[in-house]
Amino acid sequence: MDNSPNLNLSPTYYWDYFQYVLRYVTNHYSQLLDDQEQTFIRDFETSSFSAQCLYLRLASRKTIWFQENSLQYPEISSLDEAKTELFHMNLLERIGQTEGQSIYACLNNLNKAICFDLIQVSGEKSPIAKSVSKPALLQYIVENLSEKELLMRLEKLQIGLIRPLQTTYFHFIQFLFFGSRNHDLTDFVVRDLGHRQFIDIDEADLVPYFSTREEAIQKWRISIWREWFFEKSKEENAVEEVMTSWQMNMWPLAPELLELCIGSFERTLFHVARWLERQGELEMALSMYEESLAGASLERRVRLLVKLKRIDEASMWARTGLELITNPKERHFFEDYLWKQASKKQVKQVTASLKEAEKLAISMEWKDQVEEGVVDYFINQGYYAAFTENRVWKNMMGLWFWDLIFHQNKTGFHHPFQYAPSHYARENFALDLQDEFKNLLGLLEDVTSWLALLQQNAARNQGKMNPLVDWQNLDFDLIQRLVQVIPHAALTEVVTYMWQNLATHSKGFPDLFIQKGDEYAFVEVKSPNDHLSAIQFFWHDFFRKQNISIRLIRVEWI
């Protein structure tokens, strides 16, 4: 069973990658590791090369149990010797070897044919049809075979199963390196196969993500619990178990949360509260939202209070949201809610805008490609027309301020696979670079030099990951057209607002750009049953206030 990618990777690629990770962790985190973690590292490093390779192959897989006779790896000359060594080091075990193992857990790692063979008795008719689904087959095995009987039948079929041990330490080491459980050694593979390119960061410039062990343990606990919750939430009638676990495992963290872990905790809280809403547990969800002042939780709190007919409370928290939140989409919700409460007609601003939209009749043949139909219409009317939406603005920002986005690489990069420094999404990111930003903003006074900077940054960094740049849809002709027709003062206002928080202020832009001579407009296209989102309304209104030509078109089919 060799699932190695088949493209120019060393046979020892997992070993090579983990050596890089392990070297970094031992150099930068040795003071954070406890005795058990240090013992694991020492045991691993003193084992033979073949044993290390086998352990990494198995521990890196999501599979728990492995069939011994299916293992085959080119870098391991003697699997038997490697297995024996790992058994002696307590880094590998056979099924049934340890008391308290859940033997049934191995069933998910066996194919249906083997599972079907497990229930056959020589000379007797099969107890269930071969066409039965695998979940039903597994349920039958659990209900009709004891764990002892299951082990005996596996042995009779000569199916030896093994699993790596102490994998928590293995995954924790990777967690320290990446700062997240969303990354693992596979990231190295994806990079080296050429599927993604990243900014070149010297290992010497990488800085540890965690400053203290307490930070690492808090975020680890939150991440592990969130993964458990996502699986548990798929089950029916899981509310009581989830809430009991939350109270026991997560809630005690709240009073002592460290700054690095607040975002992870609040996102987890939001996921749980939204799930409770969907389960019909509105009061329970509300009580969770009340523990957070994050924009998303505040919005849900207001919506729930309205649903529960507690309008005064909803209005109070909407006003609080306006004071605390900078995300334009979230701010618009609070503004719109308060405006609606004050309006006798009770009509949302976005609804009013749609009612005032200009109508455009186009053929039904474009029903599944509405924006393309509008582009076709304007081209036939002699206009230049192009798709813009967010990408032209993000491409322009990403190339214009490339050096600023990656400016703080000595503090913002913790591993080689970041598409932006870690401080990119923080609100104070822009404040820390205000002077540098203003200097680059001033380049717009000389459009030729400005455009040369963008093209230079594109050529120098072609294909590299940037949170703003979409290399597949980079269109310099379109960018040049925009900067020629939009008043520079207005363009400066748009760019400045985007810069205030790049992670949240770069969405919701109009669908199209059209131009005929000096006439131009950004166009938001809506089909007959489509709605204008809050963030789309925000930019529509922002453009209008800056005297940037903006058109809202409601399509009618003919």
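Sequential numbering of the sequence shown, starting at 164, is according to the numbering used here. The beta carbon of each residue, even a glycine, is placed where N, CA and C say it ideally should be.
Given a cut-off of 8 Å, decide if residue j and residue i are closer than it, judged by their beta-carbon atoms.
i: residue 520; j: residue 677; result: no
i: residue 654; j: residue 646; result: yes
i: residue 719; j: residue 691; result: yes
i: residue 524; j: residue 641; result: no
i: residue 233; j: residue 213; result: no
i: residue 698; j: residue 495; result: yes
i: residue 236; j: residue 348; result: no
i: residue 225; j: residue 325; result: no
i: residue 606; j: residue 616; result: yes
i: residue 185; j: residue 336; result: yes
i: residue 395; j: residue 405; result: yes
Can you tell me which of the three DSSP states residue i falls into?
i: residue 273; result: coil
i: residue 481; result: helix
i: residue 548; result: strand
i: residue 720; result: strand
i: residue 689; result: strand
i: residue 169; result: Note that residue 169 scores 48 on pLDDT, short of 50, meaning its location in the model is unreliable; the coordinates nonetheless yield the value given after this. In this structure, residue 169 counts as coil in the three-state DSSP scheme.
i: residue 507; result: Note that residue 507 scores a pLDDT of 49, beneath 50, so its modelled location is shaky; the value from the coordinates is reported in the next line. Three-state result, residue 507: coil.
i: residue 177; result: helix
i: residue 572; result: Low confidence applies to residue 572: its pLDDT is 47, below 50, so where it sits in the model is not reliable enough to give any reading.
i: residue 600; result: helix
i: residue 661; result: helix
i: residue 230; result: strand
i: residue 531; result: coil
i: residue 237; result: coil
i: residue 334; result: helix
i: residue 370; result: coil
i: residue 488; result: coil
i: residue 375; result: coil
i: residue 264; result: coil
i: residue 224; result: coil
i: residue 671; result: coil
i: residue 352; result: helix
i: residue 381; result: helix
i: residue 321; result: coil
i: residue 193; result: helix
i: residue 345; result: coil
i: residue 474; result: helix
i: residue 649; result: coil
i: residue 567; result: helix
i: residue 558; result: helix
i: residue 210; result: coil
i: residue 708; result: helix
i: residue 728; result: This structure leaves residue 728 out entirely; the chain is present only between 164 and 721.
i: residue 198; result: helix
Going by DSSP, name the residue or residues bridged to residue i.
i: residue 683; result: 678
i: residue 256; result: 326
i: residue 713; result: 685
i: residue 522; result: 717
Between the options, which has its C-alpha nearest residue i's C-alpha?
i: residue 422; options: 393, 234, 372; result: 372
i: residue 198; options: 479, 712, 332; result: 332
i: residue 341; options: 428, 290, 221, 577; result: 577
i: residue 357; options: 709, 628, 402; result: 628
i: residue 284; options: 257, 315, 499, 597; result: 315
i: residue 343; options: 397, 353, 424, 219; result: 424
i: residue 338; options: 195, 232, 465; result: 195
i: residue 468; options: 238, 556, 527, 481; result: 481
i: residue 708; options: 683, 652, 669, 663; result: 652
i: residue 271; options: 249, 301, 247; result: 301
i: residue 687; options: 475, 522, 598, 681; result: 522
i: residue 384; options: 417, 227, 689; result: 417
i: residue 294; options: 305, 201, 547, 275; result: 275
i: residue 277; options: 250, 323, 248, 287; result: 323
i: residue 218; options: 252, 309, 190, 405; result: 252
i: residue 474; options: 484, 458, 504; result: 504
i: residue 613; options: 563, 477, 547; result: 563
i: residue 419; options: 380, 448, 446; result: 380
i: residue 498; options: 533, 532, 462, 530; result: 462
i: residue 296; options: 471, 529, 279, 680; result: 279
i: residue 231; options: 210, 317, 186, 184; result: 317
i: residue 693; options: 490, 288, 530, 459; result: 530
i: residue 438; options: 427, 412, 389, 479; result: 389
i: residue 460; options: 471, 430, 446; result: 430
Under a CB-based cut-off of 8 Å, is residue i close to chain D?
i: residue 310; result: Here chain D cannot be found, since the structure has a single protein chain.
So does residue i have its beta carbon nearer than 7 Å to some heavy atom of the ligand NAP?
i: residue 450; result: Absence of the ligand NAP from the depicted structure is noted, as is the absence of any ligand whatsoever, leaving it without description.
Which residue spans inside the segment 401–465 form an unbroken alpha helix (DSSP H) run of at least 4?
Taking only runs of at least 4 residues, the alpha helix (DSSP H) segments lying wholly in the segment 401–465 are 402–408, 422–441, 445–452.
To test your reading of the DSSP string, which unbroken alpha helix (DSSP H) runs of 4 or more residues are found completely within the segment 267–313?
275–281, 297–307
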